[in-house]
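Student:
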Amino acid sequence: MADDILIEVVSCLQGTAESTFQLAYADDPYLWASVRKSGQTIHVSIGERQIDTVSDLWAEFVRLYPLDFVGRDLKNLTATSLSWIVLHELQHAELGHFEVLEFNPSLNLVSRFHPKTQFPPAIFCRPDGTTLQCLELQADHDAIDTMLDIYSSTSWAGLRRKITSIIVVMVLIESIDEQNGFEHSTHPKAVTRIFQLLGHVVEMWSIPANAKTKARGELSILEDELPSHEEKLAFSKKVILPAFWDAVALAEVAGAKSIVADLGSPEVFFEDIGRAKLGQWDELVTVGAKQWAELKELNASVLESLGHSSI
Ligand SMILES: [Zn+2]
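Position 298 of the sequence shown, counting from 1, maps to 410 under the working numbering, and the rest follow consecutively.
1. Please check the pair Ala145 and Glu201, which I expect to be a contact at CB under 8 Å, by giving their CB distance rounded to whole angstroms.
2. Could you check where the beta strand (DSSP E) with Arg148 kicks off and where it finishes?
3. Run the proximity test for Ala302: is its beta-carbon closer than 6 Å to any non-hydrogen atom belonging to ligand 1?
4. Just to confirm, are Gln324 and Glu335 a CB contact at a threshold of 7 Å?
5. Going by DSSP, what residues sit across from Tyr137 in a beta bridge?
6. Flag this pair as yes or no: are the beta carbons of Lys187 and Glu290 separated by less than 7 Å?
7. DSSP three-state label for Thr304, please.
8. Following a CB-centred definition, is Glu211 positioned closer than 6 Å to any heavy atom of ligand 1?
9. Spell out the partners DSSP gives Thr153 in its beta bridges.
10. Look at the Cβ atom of Pro300, then the Cβ atom of Gln245, and state whether they are nearer than 7 Å.
11. So for His312, helix, strand or coil by DSSP?
12. Pair every Cβ in the stretch 303-313 with every Cβ in the stretch 348-357, then say whether three or more of these pairs are closer than 8 Å.
13. State the start and end residues of the unbroken alpha helix (DSSP H) segment that holds His209.
14. Would you tell me roughly how many angstroms separate the C-alpha atoms of Leu118 and Arg175, rounded to the nearest one?
15. Under the three-state reduction of DSSP, which class applies to Asp257: helix, strand or coil?
16. CB of Ala251 to nearest heavy atom of ligand 1: below 6 Å?
17. Between which two residues does the alpha helix (DSSP H) holding Phe381 run?
18. Can you list, in chain order, the residues of its chain whose CB lies under 7 Å from that of Trp196, leaving out five sequence neighbours each side?
19. Which value, in whole angstroms, describes the spacing of the CA atoms of Val365 and Val283?
20. Confirm, please, whether the CB-CB distance from Ala269 to Ile371 is below 7 Å.
21. When every heavy atom of ligand 1 is checked, does at least one fall within less than 6 Å of the C-beta of Glu290?
22. Would you identify the three-state DSSP class for Arg328, choosing helix, strand or coil?
23. Would you mind working out which of Lys350, Phe382, Arg387, Ile275 sits nearest Leu362, comparing C-alpha positions?
24. State the Cα-Cα distance for the pair Ala433 and Ala405, rounded to the nearest angstrom.
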């Protein structure tokens, strides 16, 4: 199955990934994925044995929750999840993370070492691993943006499939990190990553209009460039809320009780997204929202140090 999957992953990434890269399997039982840069070439390795882990979670999810949008082509579902892993890894290179990781020339999808990395500027000297967590959130952010693409009113089933493919990976990473006993030393919690993911999905419909407004050099969005109220309601009902329940279901299938507990109720989860967007940091309730807020200031500083505007 491995070679077929590799072909399928490359096919999924065609027209999506901006970087030229080489994709290979690594015969390492503990490795999920890693990326290293050699000259201008980005090498992404995926642990061959972990493909089964992704496939098994999809299989169980589809068996228990026979949802229309995912279909039953396990190979394609697995490849879609692996595509996001590759995109995440490529973003580390795109964002310039290798330039600051002087003593840590490769990045791993799952925490494999306690952070020993020393960073040159003072801003990167955080012994608690929070700088590395920011780099992970940044790679997630840009990979999510790339994979989910521009909002369209005609591709909601495909969008849900992509969102769920990403959540599959986030849930599994947390499970593996827990098994390794690293307690999120270099990676944010799964609920924090899901919070950022669904925070993006919630406002997807407004992004094209925002981009047009910015391109015109204006501040006010033209109402007729936004979807109708009915369309926004339907998007919430058919994409946003089901994506939350997919996260809960996947965490349950994976046996990740802490994720289920930390996600909380949809009401509180989405209220936190609203509070985060309004900058009401002190009023956040859920675990993921709180960690996201804790990292936000450092994340903005790290991004600026890397020469990017903050997210
Ligand atoms: Zn990463």
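Note that CB positions come from ideal geometry on N, CA and C, so glycine has one too. Please read these numbers as outputs of a predicted model, since none were measured by experiment.
Tutor: Put simply:
1. That belief holds up - the Cβ atoms of Ala145 and Glu201 are roughly 6 Å apart, short of 8 Å.
2. Here the beta strand (DSSP E) through Arg148 covers 145-150.
3. No, the beta carbon of Ala302 sits no closer than 6 Å to any heavy atom of ligand 1.
4. The sequence given here places Lys at residue 324; Gln does not occur at that position. No, Cβ-Cβ distance for Lys324 and Glu335 is not below 7 Å.
5. Bridge pairing for Tyr137: Ile158 [DSSP].
6. No.
7. DSSP places Thr304 in the helix class (H, G or I) of the three-state scheme.
8. Result no, Cβ not under 6 Å from ligand 1.
9. According to DSSP, Thr153 bridges with Ser150.
10. Taking 7 Å as the cut-off, the Cβ atoms of Pro300 and Gln245 count as close.
11. Residue state, collapsed to three classes: helix.
12. Yes: at least three Cβ pairs fall under 8 Å.
13. For His209, the uninterrupted alpha helix (DSSP H) segment begins and ends at 209-212.
14. Our two residues, Leu118 and Arg175, have alpha carbons roughly 24 Å apart in a direct line.
15. Three-state result, Asp257: helix.
16. In this structure, Ala251 has its beta carbon less than 6 Å from a heavy atom of ligand 1.
17. 378-389 is the span of the alpha helix (DSSP H), which, as asked, contains Phe381.
18. Here the set comprises Ala255, Met259, Ser277, Ile278, Val281.
19. Taking the straight line joining both Cα atoms gives about 10 Å.
20. Taking 7 Å as the Cβ cut-off, Ile371 and Ala269 do not qualify as a contacting pair.
21. A distance criterion of 6 Å places the beta-carbon of Glu290 beyond contact range of ligand 1, judged by its closest non-hydrogen atom.
22. Three-state DSSP puts Arg328 in coil, outside helix and strand.
23. Considering only alpha carbons, the answer is Ile275.
24. What the structure shows of the chain is the stretch from 113 to 423, and residue 433 is not part of that stretch, so it cannot be assessed.
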